[in-house]
Amino acid sequence: MLPSRTSEEGGIISFLASPGLTVITCIVLAIVATVGSFLYRGDTLPSGQGSMRVFSSPFFVVPAFVLVVNVVTCAAVRFPRALSRLPLYAGHLCLVLAVFALLLDGRFGRVMTGYFPFQVEERSVFDWKEGRDADLPFSIEVKDYAEVRHPYLLRIGVKRYPGGEKIALLEVSEGKDLEIPGTGIVLRDLRFSPEEESLYFTAEGPGGTFPVRAGKEGSPPLPGGIVVVPVAFKERGVKEMKASLIIRRDGTENPVEISPNHPGKFEGYAISLVEVRFDRYLNLY
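Numbered according to my numbering, the sequence shown spans residues 3 to 287.
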């Protein structure tokens with residue numbers, strides 16, 4: 003007795019809707035994604051030597067498509083029983099949206115990288131999907147660049163003159179207020195200059211309020227003979243990088259601000275700040 007067409011179709015549908023197929027495709031996608039993350043090396047390769055584009059290759063696209071079909075088929079088969087558990091059912095359908103987004107990004111998404119010299123108009127980039135140099139439909143000029151650093155961690159010594167008695171050794175972050183114990187004096191808006199090795203602040207106390215500069219030799223005596231001396235500082239690195247761009251297209255200038263966690267948007271392109279370098283002549287790019 004030959005199997006009927008209905009039984010064959012039922013077997014195919016059961017296979018496409020099986021949880022086992024879901025597990026297998028998810029494992030394959032995880033392996034491919036891991037391998038692809040190692041093979042993709044951004045702009046570290048010379049121009050024209052693109053690494054394997056795993057996320058737009060059949061190794062990723064085919065399992066992702068199978069997973070979409072699997073989840074949709076599973077949802078259709080189990081729909082009558084899912085009416086009593088709609089939140090769980092809807093949560094599973096979100097897998098379809100996530101994987102479909104990965105498919106679209108892998109198939110149509112592009113990653114382009116390029117170095118843009120400071121105050122030079124440039125449009126040349128490297129297209130990692132095509133594996134070759136390309137030109138943007140607009141030009142980019144870096145007009146300004148700034149680094150916002152973390153506040154210095156300061157160690158401040160306090161002495162009482164004329165005897166030079168040591169009162170305290172205090173630690174505080176730059177920009178904070180600091181009260182000197184037992185004196186009634188508060189140091190406000192602490193700012194440190196590593197080039198001058200000097201501490202700038204506003205002193206508030208019994209004698210009034212006045213600006214002070216404290217160098218290695220110490221500050222001018224505050225009320226009660228108090229002298230403030232910067233002892234040490236610790237630099238905690240750059241907090242944020244910011245770049246101001248001018249994007250030109252068809253004679254129109256469009257200002258855009260970017261930073262590593264806040265890309266700029268222009269005509270469907272997301273422009274991100276990834277790295278800042280200096281050439282041998284200390285020119286920024």
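Heads up, the beta-carbon is just placed ideally off N, CA and C, and yes, glycines get one too.
From which residue to which residue does the alpha helix (DSSP H) around residue i run?
i          : result
residue 75 : 60-79
From what residue to what residue does the beta strand (DSSP E) around residue i run?
i           : result
residue 218 : Segment: none, residue 218 is in no beta strand (DSSP E) and carries neither H nor E.
residue 201 : 200-207
residue 280 : Taken as a continuous stretch (DSSP letters only), residue 280 belongs to no beta strand (DSSP E), as it is neither H nor E.
residue 113 : Per DSSP, residue 113 belongs to no beta strand (DSSP E) and is neither H nor E.
residue 150 : 134-151
residue 2   : No answer is possible for residue 2: the residues shown for the chain start at 3 and end at 287.
residue 245 : 240-251
residue 128 : 124-129
residue 255 : 254-260
residue 272 : 271-273
Please confirm whether residue i and residue j have their CB atoms less than 9 Å apart.
i           : j           : result
residue 101 : residue 69  : yes
residue 65  : residue 27  : yes
residue 222 : residue 214 : yes
residue 243 : residue 103 : no
residue 120 : residue 144 : yes
residue 168 : residue 174 : no
residue 234 : residue 157 : yes
residue 230 : residue 260 : no
residue 152 : residue 251 : no
residue 248 : residue 273 : no
residue 164 : residue 227 : yes
residue 245 : residue 129 : no
residue 78  : residue 136 : no
residue 218 : residue 197 : no
residue 67  : residue 268 : no
residue 191 : residue 210 : no
residue 98  : residue 63  : no
Taking buried to mean at least 16 other C-beta atoms within 10 Å of its own C-beta, is residue i buried or exposed?
i           : result
residue 96  : exposed
residue 154 : buried
residue 212 : exposed
residue 225 : exposed
residue 48  : Below a pLDDT of 50, predicted positions are generally treated as unreliable, and residue 48, at 40, falls in that range; the measurement from the model is reported next regardless. It counts as exposed.
residue 38  : buried
residue 17  : exposed
residue 23  : buried
residue 266 : buried
residue 257 : exposed
residue 280 : exposed
residue 21  : exposed
residue 29  : exposed
residue 216 : buried
residue 127 : buried
residue 72  : buried
residue 32  : exposed
residue 43  : Residue placement at residue 43 is poorly supported in this model, since its pLDDT is 48, which falls under 50; the coordinates still yield a value, given next. It is exposed - the Cβ of residue 43 has fewer than 16 other Cβ atoms within 10 Å.
residue 34  : buried
residue 142 : buried
residue 187 : buried
Sort out for me which residues DSSP pairs residue i with in a bridge.
i           : result
residue 235 : 156
residue 180 : 189
residue 167 : 162
residue 211 : 206
residue 173 : 157
residue 195 : 200
residue 102 : Residue 102 is not bridged to any residue.
residue 1   : Residue 1 falls outside the range modelled here, since the chain spans only 3 to 287, and no answer is possible.
residue 120 : 144
I'd like to know if residue i contacts chain C, where contact means its C-beta is closer than 9 Å to some C-beta of that chain.
i          : result
residue 95 : The structure shown contains no chain C; it holds only a single protein chain.
Thinking residue i and residue j are a contact (beta carbons under 8 Å), I'd like their distance in whole angstroms, please.
i           : j           : result
residue 189 : residue 179 : 7 Å
residue 232 : residue 275 : So it is not a contact: roughly 34 Å between Cβ atoms.
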